[in-house]
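J.: Would you mind keeping the following structure in view while I ask a few things?
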Amino acid sequence: MLYATTMMISILVAGAGVTLVSLQFANRRVQSTLTTRRQSQQLGRAGTEWALATVHATTNWRNAFTTTPTQTLRPDGGGRIDVTLSDDDGNLLDDDTDAARITVASQLDTQTRTFSLTARPYPHATMAYTVAASGNITFASLATVNGPIYAKGSIIGTGVTVNLGAAAAFDVPAGSVVTPTLTPQNLNAPSYAMPAPDLSYYTSRANTISRTGNSGGNWKLEKAKFTSTYATTGSVNAYGLYWIDLGTKNLDIRECLIEGTLIITGSGANVITVDKASIIRPGTQPYPSLIIALGAGSSVNLIIPNESLSESSADLDFNGDGDKTDTFTPYVSGLVYVSGASTTLGGSGWLFTGCLQAGTVTIGGGVVLGDGRTSLAEQLSPGFTDKLLHVVSGTTQEMAR
1 MLYATTMMIS
11 ILVAGAGVTL
21 VSLQFANRRV
31 QSTLTTRRQS
41 QQLGRAGTEW
51 ALATVHATTN
61 WRNAFTTTPT
71 QTLRPDGGGR
81 IDVTLSDDDG
91 NLLDDDTDAA
101 RITVASQLDT
111 QTRTFSLTAR
121 PYPHATMAYT
131 VAASGNITFA
141 SLATVNGPIY
151 AKGSIIGTGV
161 TVNLGAAAAF
171 DVPAGSVVTP
181 TLTPQNLNAP
191 SYAMPAPDLS
201 YYTSRANTIS
211 RTGNSGGNWK
221 LEKAKFTSTY
231 ATTGSVNAYG
241 LYWIDLGTKN
251 LDIRECLIEG
261 TLIITGSGAN
271 VITVDKASII
281 RPGTQPYPSL
291 IIALGAGSSV
301 NLIIPNESLS
311 ESSADLDFNG
321 DGDKTDTFTP
331 YVSGLVYVSG
341 ASTTLGGSGW
351 LFTGCLQAGT
361 VTIGGGVVLG
371 DGRTSLAEQL
381 SPGFTDKLLH
391 VVSGTTQEMA
401 R
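Just so we're aligned, residue 1 is where the sequence shown starts under my numbering, counting upward by one.
The structure is reproduced here in structure tokens:
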């Protein structure tokens with residue numbers, strides 16, 4: 001009896017020992033699996049950070065990921081990371097305002113994790129300025145500045161009076177100067193690479209229009225209205241995009257309402273002049289209100305007199321209320337982009353509220369530069385974005401596979 005009892009106790013102890021060893025092995029397997037899973041998660045998170053870092057460090061990341069949509073990383077510590085960038089329409093190159101969808105698949109041993117997030121571009125930094133020039137900005141005579149000004153060259157205002165609003169500021173990169181009477185000034189602003197939009201994005205979507213007449217040797221757009229629902233010449237464009245190519249001709253714009261985007265191109269030393277009351281403003285799309293791309297030696301002159309835009313004079317119902325008896329104060333608003341030409345803002349007492357992007361700019365007369373940052377600093381316009389991306393809040397997801 002004693003022998004049997006002793007044997008039973010020995011068997012129980014041995015069984016307990018085997019069970020304990022089995023539990024230890026199982027625990028180690030669980031711990032190993034958990035460790036591998038955590039490491040796989042860390043690989044995935046590292047992949048998202050790598051993707052964003054690559055975008056920020058690559059001049060044209062959209063081209064890079066179009067050529068190779070999925071790029072593979074093999075960390076020194078083992079494992080594999082596959083990073084894929086795409087967008088909703090399947091074409092990273094067609095619109096630089098499109099959000100990027102970043103998908104990261106990480107694998108370590110048998111553990112695979114997938115992370116996805118959405119990232120959007122920022123507006124170009126120069127969109128935060130009322131005027132941003134790649135050359136010099138010169139104040140020729142009395143003007144009012146209510147918004148920040150940026151020049152890659154110098155800002156010059158010697159011997160003239162400039163009225164300064166509370167939001168006025170004058171920024172230039174190191175090596176450039178601001179006339180001392182123009183304050184506050186920042187002499188160490190970044191040297192921004194100015195936007196260089198692909199004109200074909202806009203011209204391919206635009207309807208071509210013709211001049212309404214001639215003035216001497218110049219073409220005219222006079223007493224005209226172009227919106228997303230109305231076009232004085234040509235056919236209506238639902239996006240409000242209209243394009244006139246001047247060749248070597250000059251163009252006078254007078255008594256017009258442009259509500260949308262007017263694209264003006266030329267191949268000579270063109271001169272474009274707005275010298276009668278007009279309103280130029282953006283339409284429903286996040287596009288510039290004016291895009292002007294001309295040859296070397298060209299000039300753009302927005303010299304609007306102190307007079308009203310009259311429906312009866314133009315014989316047009318500008319505001320669509322069914323009559324032709326209204327009058328309006330002239331102004332220009334939205335994003336105005338000028339390439340290849342010097343730009344002059346002059347006239348008497350008209351308001352510019354938006355962002356002028358140009359080469360060299362002269363500001364005079366009674367022009368009032370409003371502070372358009374509220375409407376434009378966050379606007380994503382094709383061709384006017386920064387290559388940096390920011391993660392859209394709430395879009396990061398993690399899942400096991």
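Glycine is no exception: its CB is placed at the ideal position from the N, C-alpha and C atoms.
By how many angstroms is the C-alpha of residue 144 removed from the C-alpha of residue 161?
T.: Looking at the two C-alpha atoms, the distance is approximately 9 Å.
J.: Quick check: the Cα distance between residue 391 and residue 118, rounded to an integer number of angstroms?
T.: For residue 391 and residue 118, the distance between alpha carbons rounds to 6 Å.
J.: Pull up the DSSP beta-bridge partners for residue 121, would you.
T.: According to DSSP, which records beta bridges pairwise, residue 121 is partnered with 389.
J.: May I ask you to report which of helix, strand or coil DSSP gives residue 30?
T.: Since pLDDT at residue 30 reaches only 43, below the 50 mark, its modelled position is unreliable, and the value read off the structure follows with that caveat. Helix.
J.: By the three-class DSSP mapping on this structure, what secondary structure does residue 250 have?
T.: The answer is coil: DSSP assigns residue 250 none of H, G, I, E or B.
J.: Applying the criterion that 16 or more other CB atoms from any shown protein chain within 10 Å of the CB defines a buried residue, is residue 56 buried or exposed?
T.: Flag for residue 56 reads exposed.
J.: Is the beta carbon of residue 372 sitting closer than 8 Å to the one on residue 344?
T.: No, they are not a contact pair.
J.: Is residue 384 helix, strand or coil when you go by DSSP?
T.: Residue 384 falls in the coil class under three-state DSSP.
J.: Could you tell me which of 201, 305, 38, 176 sits nearest to residue 365, measuring between CA atoms?
T.: The residue with the shortest Cα to Cα distance from residue 365 is 305.
J.: Could you please give the first and the last residue of the uninterrupted beta strand (DSSP E) stretch that includes residue 243?
T.: Note, residue 243: beta strand (DSSP E), 241 to 245.
J.: For residue 139, list the residues DSSP reports as bridge partners.
T.: Answer is 363, bridged to residue 139.
J.: I'd like to confirm the pairing. Which residues does DSSP put opposite residue 226 in its beta bridges?
T.: Residue 226 pairs with 231, 258.
J.: Nearest by alpha-carbon distance to residue 394: which of 204, 120, 72, 269 is it?
T.: It is 120 whose Cα lies nearest to the Cα of residue 394.
J.: Along the chain, where does the beta strand (DSSP E) containing residue 337 start, and where does it finish?
T.: Segment 331 to 347, the beta strand (DSSP E) holding residue 337.
J.: Between which residues of its own chain and residue 318 is the CB-CB distance below 8 Å, once the five residues before and five after are set aside?
T.: So the list reads 225, 257, 279, 309, 311, 326, 328, once near-sequence residues are dropped.
J.: Nearest-angstrom Cα distance between residue 381 and residue 261?
T.: The alpha-carbon atoms of residue 381 and residue 261 are separated by roughly 12 Å.
J.: Secondary structure at residue 377, three-state DSSP: helix, strand or coil?
T.: Coil at residue 377, not helix or strand.
J.: Quick one: what's residue 205 bridged to in DSSP?
T.: Residue 205 is not bridged to any residue.
J.: Distance check for residue 106 and residue 18, CA to CA, integer angstroms please.
T.: Residue placement at residue 18 is poorly supported in this model, since its pLDDT is 48, which falls under 50; the coordinates still yield a value, given next. Straight-line Cα distance between these residues: approximately 37 Å.
J.: Can you tell me whether residue 378 is buried or exposed, with buried defined as 16 or more other CB within 10 angstroms of its CB?
T.: By the 10 Å Cβ count, residue 378 comes out exposed.
J.: Do the CB positions of residue 265 and residue 293 come within less than 8 Å of each other?
T.: Result yes, Cβ atoms of residue 265 and residue 293 sit closer than 8 Å.
J.: By Cβ distance below 8 Å, which residues in the same chain neighbour residue 59 in space, the five residues on each side in sequence not counted?
T.: Counting only Cβ-Cβ distances below 8 Å, and skipping sequence neighbours, we find 387.
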